[in-house]
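**Student:** Protein chains in written order, with the working numbering: chain H, 2 to 115; chain P, 4 to 116.
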């Protein structure tokens, strides 16, 4: 099976712009979660989608949003970019939406905001 | 509010010796704990997990111990190998919160030949 894929792998934007990141889960997986990784902060949970519905949301401002399509592919959008949004954005997929279900991570999208 | 903490940013051990990585948590509602390993330029890879009803889980060279009263878990790697050099993240979840995982900040393990 192909693993989780994320596009693009690298992105450079300027403050005030918006960005859309894409995640294709492992075939058959219905849950997609997004995480932000910054130095010293570990991975911080953004949101989880399951069967096109947002199941959980982390403590991020409304500028961060996401969606999931019927084929389980997911996108996340960040509007009005700030310098602090520079980070590695990781998505993870799992078969179901449970904490005990192994989450498989993609390689991430490195976003740099100038 | 850091609910999951890894207080050691780095750890260096000799090949063949034991590596012990530690993790503390504050939320007693967590009922599932996991360890992930991450190499540069790759996403985290699942390593081992433990349910809150257990105090130990083994998988080959990897053993995770859970001390619920102390809200502490640890990952033991025996024997350590140079290929184990990576960043290790502990994570915690709640069955009533779906796939949401709370991660620690990570510990960078270096295994020297």
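All residues carry an ideal CB built from backbone N, CA and C; glycine is no exception. Because the structure is a prediction, the values reported are computed rather than measured.
1. When you check each C-beta in the segment 42-53 of chain P against every C-beta of chain H, which residues fall closer than 9 Å?
2. Tell me the rounded alpha-carbon separation between residue 115 of chain H and residue 106 of chain H.
3. Near residue 77 of chain H, what residues of its chain come up, given a Cβ to Cβ distance below 6 Å and the 5 sequence neighbours on each side ignored?
4. Where does residue 19 of chain P fall in DSSP's three states?
5. Let's see if you can read the secondary structure: which residues bound the beta strand (DSSP E) around residue 45 of chain H?
6. Pair every Cβ in the segment 11-28 of chain P with every Cβ in the segment 75-89 of chain H, then say whether three or more of these pairs are closer than 8 Å.
7. At the level of alpha carbons, what is the spacing between residue 11 of chain P and residue 22 of chain P?
8. Residue 68 of chain H by DSSP, collapsed to three states: which one?
9. For residue 111 of chain H, list the residues DSSP reports as bridge partners.
10. Residue 108 of chain P touches chain H at which residues, Cβ-Cβ below 8 Å?
11. Select from P/17, P/68, P/37 and P/75 the residue whose C-alpha is nearest the C-alpha of residue 82 of chain P.
12. Looking at residue 65 of chain P: is its Cβ nearer than 8 Å to the Cβ of residue 56 of chain P?
13. Does any residue of chain P bring its CB to less than 8 Å from the CB of residue 107 of chain H?
14. Would you kindly report the start and end of the unbroken beta strand (DSSP E) that includes residue 55 of chain H?
15. When DSSP labels each residue in this structure, what does residue 18 of chain H get in the three-state scheme?
16. Return the first residue and the last residue of the beta strand (DSSP E) that residue 39 of chain P is part of.
17. Using alpha carbons as the reference points, say which of P/13, P/80 and P/34 lies closest to residue 104 of chain P.
18. For residue 48 of chain H, count neighbouring C-beta atoms within 10 Å of its own C-beta (all shown protein chains included) and say buried if the count is 16 or more, exposed if not.
19. Using 8 Å as the threshold, is the C-beta distance between residue 38 of chain H and residue 112 of chain H below it?
20. Go to residue 115 of chain P, then tell me how far its beta strand (DSSP E) extends in each direction, as first and last residue.
21. To the nearest angstrom, how far is the alpha carbon of residue 108 of chain H from that of residue 50 of chain H?
**Tutor:** Per the coordinate set shown:
1. 44, 45, 46, 47, 48, 49 and 52
2. Distance from the CA of residue 115 of chain H to the CA of residue 106 of chain H, rounded to the nearest whole angstrom, comes to 27 Å.
3. Sequence-distant Cβ neighbours of residue 77 of chain H in its own chain, meaning closer than 6 Å and more than five residues away, are 22, 35 and 67.
4. coil
5. 43-51
6. no
7. 13 Å
8. Of the three classes helix, strand and coil, the one that applies to residue 68 of chain H here is strand, per DSSP.
9. H/11 and H/89
10. 41, 42 and 43
11. Checked all of P/17, P/68, P/37 and P/75; the closest Cα to residue 82 of chain P is P/17.
12. no
13. True, the Cβ-Cβ gap to chain P drops below 8 Å.
14. Where residue 55 of chain H is concerned, the enclosing beta strand (DSSP E) stretches over 54-58.
15. Coil.
16. 35-41
17. P/34
18. By the 10 Å Cβ count, residue 48 of chain H comes out buried.
19. no
20. 110-115
21. 19 Å
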